[in-house]
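Quick notes on the structure that follows.
Residue numbers (this note's numbering): 947 to 1883.
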């Protein structure tokens, strides 16, 4: 009898525990940064109202601190909300300050989940656990995303189920989504978890989707977060009843920092789906198209819901616009069943503080109100649709452009209306260019505009002098402004209206740098220009000298290639136009034969191929004072050989490209004539460009050709490696090195110089375009870094403080193939450290301390550290010195005293100096110098 009584007590106790704690359906933990290292955490949980209330769980801050595990630490439950369908939403908030930056896995767990979850074994006795990763970096301000749509939804057997959590990141960070398995503790998944599409949930798994033409699928969109289950099975659900399933997913947040996407943490949501076994088709939603709105303006939209079964429909709205101030509104609010059709009116008056790069997402949820025999108040089917609204900054206003003396243009504009903006960008191009401002913030790609300055947003003027080089005479310069908004949300304004002004044509204006002939030795370029049409004619007639240099970049040395002459066209011949672009300037001479001014630099068009599999990509560029991106002449023309079967060598027009849309690039995949490119054939091309100064006094269009280049599709054969790498003997270490100073640097910039040769073996391709130089301070594999790309066959590594480097060189062909590495060559330092054998610490200021010799040719060089010890005749250590200690140098400067500061008598003492040098081989870097020193007083 006593045994039976104990057994009954145990059973009743177990039932009491189960009845007390079978209630938790779903939840998540979100984090909000308060300041510094202080964060506010909120657990949001959802319970079955037929179970017991939330009780005492344990909150783990991830740094070893817990809340709720000690007596008296009651979980501070706050907001409690009935969200319908037998579900309550509970919340509590805790604040915690961390000791420092790190990764913290924050979590909450409580016993137990609700009973009879179909895909969790023994859910009635399974702990509920969710976690959030908070990454604290002192340089990054961040709060986690939170969810605006409750994690309890309902569906029917055989019908597609959709759910969107309505995640909103208050910092405007990018979000990504993926599934995970629900957990019962850190690192511990729930017992016996089954996927929602486990075959045991289906009567016919191979016809488990809604269309019954394939197995069921379960996916979550990694970008939008929409969960789609096509479709729930009914094998475990009695007719006209429901059963519950749980699924968990992770929402990661990402931020672009210094051009790289960085993960900032994640939030895990554990949600519950209730599936009914009855017939009901989901409602349908019609929403506006994705759009943008200028901050300060009001956006409205009409959302319509219908139902295939003719049932009334209720439309609810969630998402970011309802979480900001001023917030969006909807009507009716609260949502109500209507129609069909059901109508929801959306309205949002935006503000400057809501500008951001990422769109705001509005999740619309439609739910029908079906009539199901024998089921009172049956839950309806749901459908989700997402409307994306991007809030952009208003355009800057009042921009004017006025030409100033000194070939400058003064810009002025109104104070910007959004004071929370971060900066004002100034963009410039030659010639007018129309931009459609509709949902098009910033400056469109391929518009030809160049960012020339970024100013504080408070700025209202800017003087453009082209970085001191002066603007180009004859060019019409056009400007636009764009306001940018601070990170992390970011965002841009609509571009301002365009403001333009032209500079006088008071110098020669180059109009053509046209490649007439492509050759290694006999290339030819036509250079043409217009005289100074708006210069005071008192100094006319004029003559013109032609200057030339190799390459397209600014700077460098120009050489005169034609003496002063009245002709305004020059044919420059004997050039290597196959391998080089060329730039020109025109010097103006007046009627007294004095050089009075010089034109702007203009280069030839340089065309480069990039062979691909079955195609060749062409890219071209020209450094010219006019624009080659002109809406009046938008097309550049592509010419190629192997087109005319009667003359395969003839180069003919094959296509054109609208550079205002696609930029200075063209892909030849044979689609222009439907003939695929042959990987065994080398194709040759040139491009004809069209440009303009947008000046009525100057001719247009300006038509210029590139050089002819040839390439082979799918060219994967690399060139041969460079050979015969030789260091410049005039730059040896002994010649360059000088005495080391107390700061550790000789004060002389050292140079490693070396040269190499082409491998002219007949098996090597001759289509090398440039070389790459790699350097390493150790010579170890994997430690070499690219330091230069050059067309020359020599390289000078300047401004060095050490010569101890290894190098190799590779060759790159026009297809981008890189050769094997050349031989590795290394240079090394020539270290030196010589100690004296006598010093006289007698107060006469001469030779007072023991220090390394510093005479010419014998001074310290390339010394990293010195560990110095002095011993008496008995072998006892009486003084020590370590140069690696703070405020010490390799010069020792021993004053002849002991470690205790006692003056040593005159005599002979012995020392040992361990000297570490800066050289390549670490095994040879240390030298121990043993010797004697005499103190004379």
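Just so it is clear, CB atoms sit at the ideal spot from N, CA and C, and this is done for glycine as well.
Query: Burial state of residue 1500 (16 or more Cβ within 10 Å); Result: exposed
Query: Residues that residue 1040 bridges to, as DSSP identifies them; Result: 987
Query: Per-residue DSSP class, three states only, for residue 1685; Result: coil
Query: Pair within 9 Å by beta-carbon distance, residue 1290 and residue 1251; Result: yes
Query: Straight-line Cα distance separating residue 1031 from residue 1165; Result: 26 Å
Query: Residue 1716 to residue 1589 span [Cα, whole Å]; Result: 30 Å
Query: Whole-angstrom distance between residue 1228 and residue 1265, CA atom to CA atom; Result: 22 Å
Query: C-alpha distance - residue 1197 paired with residue 1169, whole-angstrom precision; Result: 10 Å
Query: Terminal residues of the alpha helix (DSSP H) in which residue 1301 lies; Result: Note, residue 1301: premise wrong, no alpha helix (DSSP H); not H, not E.
Query: Residue 1414, DSSP secondary structure in three states; Result: coil
Query: Status (buried if at least 16 other CB within 10 Å, exposed otherwise) for residue 1092; Result: buried
Query: Sub-9 Å separation of residue 1584 and residue 1631 beta-carbons; Result: yes
Query: Of the listed residues 1062, 1069 and 1064, nearest to residue 1056 (C-alpha basis); Result: 1069
Query: Extent of the continuous alpha helix (DSSP H) to which residue 1608 belongs; Result: 1605-1608
Query: Cβ-based neighbour list, residue 1246, same chain, cut-off 6 Å, excluding 5 preceding and 5 following; Result: 1293
Query: Start-to-end residues for the beta strand (DSSP E) that takes in residue 1700; Result: 1696-1703
Query: Whole-angstrom distance between residue 1506 and residue 1520, CA atom to CA atom; Result: 15 Å
Query: Residue 1079, buried or exposed, once every other Cβ within 10 Å from all chains shown has been counted against 16; Result: buried
Query: Residue nearest to residue 1595 in terms of C-alpha spacing, selected from 1627, 1071 and 1333; Result: 1627
Query: Simplified DSSP assignment, three categories, for residue 1323; Result: coil
Query: Integer-rounded CB distance, given that residue 970 should sit under 8 Å from residue 1058; Result: 7 Å
Query: Whether residue 1177 touches residue 1256 by CB criterion (9 Å); Result: no
Query: Secondary structure of residue 1104, DSSP reduced to three states; Result: coil
Query: Cβ shell of residue 1088 (< 8 Å), same chain only, five flanking positions each side left out; Result: 979, 1081, 1117, 1119, 1199, 1201, 1210, 1211 and 1434
Query: Host beta strand (DSSP E) of residue 1422 (start-end); Result: 1422-1430
Query: Through-space distance from residue 1754 to residue 1710, alpha-carbon basis; Result: 19 Å
Query: Beta-carbon spacing of residue 1347, residue 1335 below 9 Å; Result: no
Query: Through-space distance from residue 1179 to residue 1442, alpha-carbon basis; Result: 56 Å
Query: Identity of the residues DSSP links to residue 1494 by a beta bridge; Result: 1505 and 1530
Query: Buried versus exposed, by CB contacts within 10 Å (16 or more), residue 1258; Result: buried
Query: Simplified DSSP assignment, three categories, for residue 1746; Result: strand
Query: DSSP-derived helix/strand/coil call for residue 1058; Result: coil
Query: Residue burial classification, residue 1022 (beta-carbon count within 10 angstroms, cutoff 16); Result: exposed
Query: Cβ-based burial, residue 1029 [other Cβ within 10 Å; buried from 16]; Result: exposed
Query: Secondary structure of residue 1067, DSSP reduced to three states; Result: coil
Query: Where residue 1750 falls, given that 16 or more other Cβ within 10 Å makes a residue buried; Result: buried
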